[in-house]
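Residue 1 is where the sequence shown starts when you use our numbering, and the numbers rise one by one after that.
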Amino acid sequence: MQPSTTPPDVRPHLSARISSPLGAPLVAAGITVVLWASAFVAIRHLAGTFAPGSLAFGRLGLGAICLGVIAGRGGLPKATPRQWLGIVIVGALWYATYHVALNAGEHHVDAGTASMLILCAPVFVAGLAAVFLKEPMTRTIAVGLGLAMAGGALIAFSGSGGGDQRLLGAGLCLISAIAASVAMIVQKSLLAGLKALPLTWMTVTVGAVICLPFVGQFVGDVRHASGSSILWLVFLGVFPTAIAYTTYGYALSQMSATQAGILTYLIPPITIVLGLVFLGEAPPALAYVGGAVTLTGVVIARRK
Numbered sequence: 001m002q003p004s005t006t007p008p009d010v011r012p013h014l015s016a017r018i019s020s021p022l023g024a025p026l027v028a029a030g031i032t033v034v035l036w037a038s039a040f041v042a043i044r045h046l047a048g049t050f051a052p053g054s055l056a057f058g059r060l061g062l063g064a065i066c067l068g069v070i071a072g073r074g075g076l077p078k079a080t081p082r083q084w085l086g087i088v089i090v091g092a093l094w095y096a097t098y099h100v101a102l103n104a105g106e107h108h109v110d111a112g113t114a115s116m117l118i119l120c121a122p123v124f125v126a127g128l129a130a131v132f133l134k135e136p137m138t139r140t141i142a143v144g145l146g147l148a149m150a151g152g153a154l155i156a157f158s159g160s161g162g163g164d165q166r167l168l169g170a171g172l173c174l175i176s177a178i179a180a181s182v183a184m185i186v187q188k189s190l191l192a193g194l195k196a197l198p199l200t201w202m203t204v205t206v207g208a209v210i211c212l213p214f215v216g217q218f219v220g221d222v223r224h225a226s227g228s229s230i231l232w233l234v235f236l237g238v239f240p241t242a243i244a245y246t247t248y249g250y251a252l253s254q255m256s257a258t259q260a261g262i263l264t265y266l267i268p269p270i271t272i273v274l275g276l277v278f279l280g281e282a283p284p285a286l287a288y289v290g291g292a293v294t295l296t297g298v299v300i301a302r303r304k
């Protein structure tokens with residue numbers, strides 16, 4: 001989720017009134033949701049083969065190349081120094097920090113648990129917007145933030161085995177959610193002057209460049225990886241990264257941001273099902289309760 005779970009109000013300037021049937025946009029949004037859900041499963045599957053930084057470099061590098069083919073035909077968009085600073089911040093937080101922390105977190109928690117913890121990001125965005133963008137801290141936002149944090153705590157403390165490691169994994173996933181939340185606040189201002197697809201390409205590329213210190217580790221991991229693991233890595237870089245961001249951008253241009261954003265709430269249940277099918281693992285029972293509490297907090301916080 002990759003960056004995985006973007007809240008619907010992050011890209012309000014990209015939303016358009018719907019004047020055509022929703023069939024194609026819904027299909028695009030559905031593809032995005034399934035691919036982002038599959039990313040959690042792919043990361044978990046590759047946890048035993050690639051180190052967190054190594055996997056982040058491989059995924060972002062492949063994603064940047066693919067996005068460059070799609071978005072780079074017209075060259076780099078003109079950006080002011082202030083916008084470039086924002087691009088670097090988003091790339092550092094949403095892509096480099098988010099992916100390294102999430103990859104490390106999934107060494108200790110299952111894919112479904114990780115996706116439920118990342119679901120806290122939209123609520124963190126609402127809270128951060130109230131602090132840094134001077135948006136009103138309403139009662140619903142405060143209640144939603146409290147519920148989301150309570151749900152995250154339930155998820156973190158669920159499970160009967162590997163308590164310390166599970167807490168570490170949950171903490172790393174929450175760091176991912178917080179990093180993405182801060183980056184979303186920065187990106188919200190960037191989207192007023194830059195188009196979404198070129199902006200995504202540039203920020204993903206920045207994330208890949210920041211992860212360059214892991215290139216030696218990545219080469220070593222690839223040498224010892226099986227053919228199937230390399231295919232999973234290619235899938236992760238091409239589909240959940242490059243293609244999913246492209247289809248999500250198309251969906252946002254054809255339907256309201258709220259309609260597209262609501263669909264991202266389907267990511268955790270889809271991730272759980274995919275985790276059962278491909279990995280044979282599922283979150284502990286208490287984690288489902290925590291996930292439900294978190295989702296309730298997200299919905300309340302996002303009420304208008």
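Glycine included, each C-beta is placed from N, C-alpha and C at the ideal position.
A contact is defined here as three or more CB-CB pairs under 8 angstroms, and the segment 171-190 meets this definition with respect to the segment 93-111. Annotated as distal: Gly91 and Gly171, with beta-carbon spacing of 8 angstroms or more.
The three-state secondary structure of Asp164, taken from DSSP, is helix. Phe50 and Val273 have their C-alpha atoms roughly 24 angstroms apart. Spatial neighbours of Ile300 in its own chain (CB-CB distance under 7 angstroms, excluding positions within 5 residues in sequence) are listed in chain order as Thr140, Val143, Gly144 and Leu147. By the Cβ-count criterion, Lys78 is exposed, with fewer than 16 other Cβ atoms from all chains shown falling within 10 Å of its own Cβ. Sequence-distant Cβ neighbours of Phe235 in its own chain, meaning closer than 7 angstroms and more than five residues away, are Ala42. Here Leu76 carries a coil assignment [DSSP, helix/strand/coil]. By the Cβ criterion, the segment 81-89 is in contact with the segment 187-203, since at least three pairs of Cβ atoms, one from each stretch, lie closer than 8 angstroms.
With contacts defined by Cβ atoms closer than 8 angstroms, Ser115 and Thr241 do not form a contacting pair. Rounded to the nearest angstrom, the gap between the Cα atoms of Arg166 and Ala28 is 34 angstroms. Its Cα nearest to that of Val69, the residue Thr200 stands out among Thr200, Ala121, Cys173 and Val209. Taking C-beta separations shorter than 7 angstroms and ignoring five residues to either side along the sequence, the partners of Leu276 in its chain run Ala282, following chain order. Its chain contains Phe239, Pro240, Ile243 and Ala244 as the residues whose beta carbon lies nearer than 7 angstroms to that of Leu35, once the 5 sequence neighbours on both sides are disregarded; these appear in chain order. Taken atom to atom, the span from the alpha-carbon of Gln254 to that of Leu26 is near 9 angstroms.
Between Tyr248 and the set Gly75, Leu154 and Thr32, the nearest pair of CA atoms involves Thr32. The residues Phe218 and Leu233, in chain order, have a CB closer than 6 angstroms to that of Gly58 in the same chain once the five nearest residues on each side in sequence are set aside.
Annotation for Cys66: the continuous alpha helix (DSSP H) segment containing it runs Pro52 to Ala71. Using a 10 angstroms sphere on the CB of Ala285, the tally of other CB atoms stays under 16, which defines it as exposed. In the structure shown, the three-state DSSP call for Pro198 is helix.
The shortest C-alpha to C-alpha distance from Ser229 to any of Arg44, Ala37 and Leu117 is the one to Arg44. Taking the Cα of Lys188 as reference, the smallest distance to any Cα among Leu263, Trp94 and Glu106 is reached at Trp94. Measuring C-alpha to C-alpha distances from Val109 to each of Ser226, Ile155, Thr97 and Ile210 identifies Ile155 as the nearest.
Cβ-Cβ distances below 6 angstroms link Gly237 to Arg59, Leu62 and Gly63 in the same chain, with the five nearest sequence neighbours on each side left out; the list follows chain order. It is roughly 28 angstroms from the alpha-carbon of Ser38 to the alpha-carbon of Gly127. Where Pro283 is concerned, there is no enclosing alpha helix (DSSP H), because DSSP gives it neither an H nor an E. Beta-carbon to beta-carbon, Ala96 and Ala56 are separated by about 7 angstroms, close enough to satisfy the 8 angstroms threshold. In terms of Cβ geometry, Thr246 and Gly151 do not form a close pair [threshold 8 angstroms]. Judged by DSSP secondary structure, Pro25 falls within the alpha helix (DSSP H) whose first and last residues are Gly23 to Leu46.
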